[in-house]
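> Here our numbering runs 62 ahead of the position in the sequence shown, where the first position is 1. Built from N, CA and C at the ideal position, the CB exists for glycine as well.
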Amino acid sequence: MEANVSASRRSVQRLRCSVKNYDWGLIGESRVARLFSLNSGVDIDEDKPYAEFWMGTHESGASFLVENKEDEASIGSETEGLSLNSWITKNPDVLGDKVVQKWGTNLPFLFKVLSVAKALSIQAHPDKELAVTLHKMRPDVFKDDNHKPEMALALTEFEALCGFISLECIVHSGAPGTPYINEIYLPLFQELKDVLQNVLELAEVVGTECANQVLYINNQDGEEKVKEVLRSIFTELMSASKDVISKALSKLKTRLDMASEVRQLTDKEQLVVRLETQYPSDVGVLASFLFNYVKLNPGEALYLGANELHAYLQGECIECMATSDNVVRAGLTPKERDVQILCSMLTYKQVKMSSEHQENLLFDLGVLYIIHEALFGCYFRN
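1) By how many angstroms is the C-alpha of Asp400 removed from the C-alpha of Glu167?
2) Curious, which full-length beta strand (DSSP E) runs of at least 3 residues does the region 130 to 195 contain?
3) Among the candidates Ala193, Val178, Gln185 and Phe351, whose CA atom is the shortest distance from the CA of Leu258?
4) Out of Phe98, Glu286, Ser80 and Leu182, state which residue places its alpha-carbon closest to the alpha-carbon of Trp86.
5) Give me the Cα-Cα distance between Asp105 and Glu114, rounded to the nearest whole angstrom.
6) Take Lys315 as the anchor and find which of Ile295, Gly269 and Tyr341 has the nearest alpha-carbon.
7) Express the C-alpha separation of Asp344 and Asn359 in angstroms, rounding to a whole number.
8) Just to confirm, are Asn369 and Thr409 a CB contact at a threshold of 8 Å?
9) Specify, as a first and last residue, the run of the beta strand (DSSP E) that Ile459 falls within.
10) Starting from Phe126, follow its DSSP beta bridges and name the residues at the other end.
11) Assuming Lys330 is part of the beta strand (DSSP E), what are its boundary residues?
12) I need the DSSP call for Gln282, collapsed to helix, strand or coil.
13) State the DSSP-derived secondary structure class of Ile89, mapped to helix, strand or coil.
14) Which of the three DSSP states, helix, strand or coil, is assigned to Asn83?
15) Among residues of its own chain, excluding the 5 on either side of Tyr355, which ones have a beta-carbon nearer than 7 Å to its beta-carbon?
16) Report back the beta-carbon spacing between Ser125 and Leu146 to the nearest angstrom; my notes put them in contact at under 8 Å.
17) If contacts are defined as beta-carbon pairs under 8 Å, then Lys174 and Trp116 qualify, I think. What distance do you get, rounded to the angstrom?
18) Which value, in whole angstroms, describes the spacing of the CA atoms of Ala186 and Leu127?
19) Tell me which residues share the same chain as Val81 and place their Cβ nearer than 6 Å to its Cβ, disregarding the 5 neighbours each side in the sequence.
20) Would you say Gly225 and Leu371 are within 8 Å of each other, going by their C-beta atoms?
21) Alpha carbon to alpha carbon, what distance is there between Leu254 and Cys272?
22) Can you give the Cα-Cα distance for Asn153 and Leu404, rounded to whole angstroms?
23) Using a Cβ-Cβ cut-off of 7 Å (strictly less than) and excluding sequence neighbours within five positions of Cys379, which residues of its own chain qualify?
24) Which same chain residues end up closer than 6 Å to Lys313 when comparing Cβ atoms and leaving out the 5 residues on each side of it in sequence?
25) State yes or no: is the C-beta of Pro188 within less than 8 Å of the C-beta of Met407?
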């Protein structure tokens with residue numbers, strides 16, 4: 063950096079950040095609520111949901127510099143002051159030469175804190191090519207032309223659905239409730255076969271022909287055939303009428319209520335019951351049987367690439383992503399759905415979940431320092 067860079071540009075710049083009060087956010091006290099209150103000086107509304115705290119340059123929730131007392135006094139007014147994006151444009155060297163060469167003066171990431179009380183939508187974020195197409199087609203819905211790979215780092219116990227259930231099913235030997243002694247991997251597609259054989263309500267919705275594609279698949283079928291079958295089932299399910307889904311969920315709820323009187327419901331079954339209370343008659347409740355159900359401990363993380371299906375369920379996390387607000391939804395939401403786009407864009411990759419917890423991410427001190435300042439000071443350093 064040049065020696066004559068002004069002292070003000072070398073100093074820490076305080077940001078006034080954006081808060082999102084989406085319906086799924088934690089009501090009243092939460093990390094997002096406390097960060098917003100500390101950052102803005104506004105008291106927490108105990109009756110309002112606080113969902114996301116944004117730090118970045120995206121126009122849907124841009125950050126602004128707080129340079130003096132007058133700027134602090136303007137918080138909450140229509141006069142926002144100098145945006146972080148404008149400040150970076152005037153001072154591009156704060157990004158470093160390599161970043162400027164690759165992305166220009168655009169801050170290439172968006173940083174958030176999330177406080178999740180109930181499930182977010184079943185969704186995926188487009189890759190770069192699809193994002194450009196969607197933005198041209200419907201700029202009112204898809205606000206930018208960028209992709210959105212993202213990573214979530216759990217601050218509390220954190221639950222999510224991510225990706226489709228695996229090609230192999232892990233069965234643990236040993237008595238229930240005891241440490242795992244051994245793991246046996248069942249044949250290809252067994253886990254999904256088990257779902258279609260045991261969750262009859264889902265099998266009825268997708269139909270016999272569709273279900274049989276899975277039941278009769280074998281180890282000789284290639285990866286593309288497997289993806290084609292999974293795409294067929296998922297598309298059939300997500301395209302079902304609301305009346306069909308409502309009747310199927312009514313049957314499922316009755317069956318699980320009866321089952322709970324004689325046995326403990328599985329984790330996935332308990333999740334389905336919870337989702338049904340949050341989003342009655344929603345196809346996403348049934349669809350959750352097809353996805354991996356992940357529970358993270360504080361400090362554990364989840365990476366989600368473009369075109370990968372997911373839904374955050376509960377907990378608080380830090381989230382870092384490419385600078386984009388593009389999302390394609392198809393379930394667990396009252397918002398607009400794009401079922402056809404979602405079903406066509408997904409990778410349909412399947413993941414075999416290990417019985418071991420994901421190992422904690424190891425951060426170097428620089429990353430930890432950035433996270434600490436972002437959370438507790440909301441600053442931007444050159």
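With the given structure in hand:
1) Position 105 of the sequence shown, counting from 1, holds the residue named residue 167. Position 338 of the sequence shown, counting from 1, holds the residue named residue 400. According to the sequence displayed, residue 167 carries Thr and not Glu. Taking the straight line joining both Cα atoms gives about 32 Å.
2) Taken in chain order, the unbroken stretches of beta strand (DSSP E) that lie wholly in the region 130 to 195 and span 3 residues or more are 171 to 178 and 184 to 186.
3) As a working mapping, residue 258 is identified with position 196 in the sequence shown. Nearest C-alpha to Leu258: Phe351.
4) Here residue 86 is taken as the residue at index 24 of the sequence shown, counted from 1. Answer by Cα proximity: Leu182.
5) The sequence position of residue 105 within the sequence shown is 43, counting from 1. The sequence position of residue 114 within the sequence shown is 52, counting from 1. Taken atom to atom, the span from the alpha-carbon of Asp105 to that of Glu114 is near 16 Å.
6) The count along the sequence shown starts at 1 and reaches residue 315 at position 253. The option with the nearest alpha carbon to Lys315 is Tyr341.
7) Here residue 359 corresponds to residue number 297 of the sequence shown, with the count starting at 1. Here residue 344 corresponds to residue number 282 of the sequence shown, with the count starting at 1. Using only the alpha carbons, I get a separation of about 28 Å.
8) In the sequence shown, residue 369 corresponds to position 307, counting from 1. In the sequence shown, residue 409 corresponds to position 347, counting from 1. With contacts defined by Cβ atoms closer than 8 Å, Asn369 and Thr409 form a contacting pair.
9) Outside the modelled stretch of the chain, which goes from 63 to 444, sits residue 459, for which no answer is possible.
10) Position 64 of the sequence shown, counted from the start, is the residue given in the question as residue 126. In the DSSP output, where bridge partners are listed per residue, Phe126 has Arg78 and Ser145.
11) Taking the sequence shown and counting its residues from 1, the one referred to as residue 330 is at position 268. It is not in any beta strand (DSSP E) - Lys330 instead sits in the alpha helix (DSSP H) that spans Asp329 to Gln340.
12) Within the sequence shown, the letter at position 220 stands for residue 282. Reduced to three states, the DSSP call for Gln282 is coil.
13) Stepping through the sequence shown from its first residue, residue 89 is reached at position 27. Strand.
14) By one-based count along the sequence shown, residue 83 stands at place 21. In the structure shown, Asn83 adopts coil according to DSSP, grouped into three states.
15) Stepping through the sequence shown from its first residue, residue 355 is reached at position 293. Only Leu223, Asp329, Lys330 and Leu333 meet the Cβ criterion.
16) Indexing the sequence shown from 1 puts residue 125 at position 63. Indexing the sequence shown from 1 puts residue 146 at position 84. Contact flag correct, Cβ pair sits at about 4 Å.
17) Along the sequence shown, read from residue 1 onward, the residue named residue 174 stands at position 112. Along the sequence shown, read from residue 1 onward, the residue named residue 116 stands at position 54. The beta-carbon separation of Lys174 and Trp116, rounded to 5 Å, stays under the 8 Å limit for a contact.
18) Numbered from its first residue, the sequence shown carries residue 186 at position 124. Numbered from its first residue, the sequence shown carries residue 127 at position 65. Cα to Cα, the separation comes out at about 32 Å.
19) Against the sequence shown, residue 81 aligns to sequence position 19. Cβ within range, chain order: Phe98 and Phe115.
20) Within the sequence shown, residue 225 is the residue found at index 163, counting from 1. Within the sequence shown, residue 371 is the residue found at index 309, counting from 1. Going by C-beta atoms, Gly225 is nearer than 8 Å to Leu371.
21) The residue you call residue 272 lines up with position 210 of the sequence shown. The residue you call residue 254 lines up with position 192 of the sequence shown. So the alpha carbons of these two residues sit roughly 12 Å apart.
22) In the sequence shown, counting from the first residue as 1, residue 153 sits at position 91. In the sequence shown, counting from the first residue as 1, residue 404 sits at position 342. When the Cα atoms are used, Asn153 and Leu404 turn out to be separated by approximately 39 Å.
23) Mapped onto the sequence shown, residue 379 falls at position 317. Closer than 7 Å at the Cβ level, and outside the excluded window around Cys379, lie Leu176, Ala214, Leu215, Ala216, Leu217 and Phe220.
24) If you number the sequence shown from 1, residue 313 lands on position 251. If we look at Lys313 and ignore the five residues flanking it on each side, its Cβ neighbours are Glu263.
25) Start at 1 with the first residue of the sequence shown, and residue 188 comes out as number 126. Start at 1 with the first residue of the sequence shown, and residue 407 comes out as number 345. Contact: yes.
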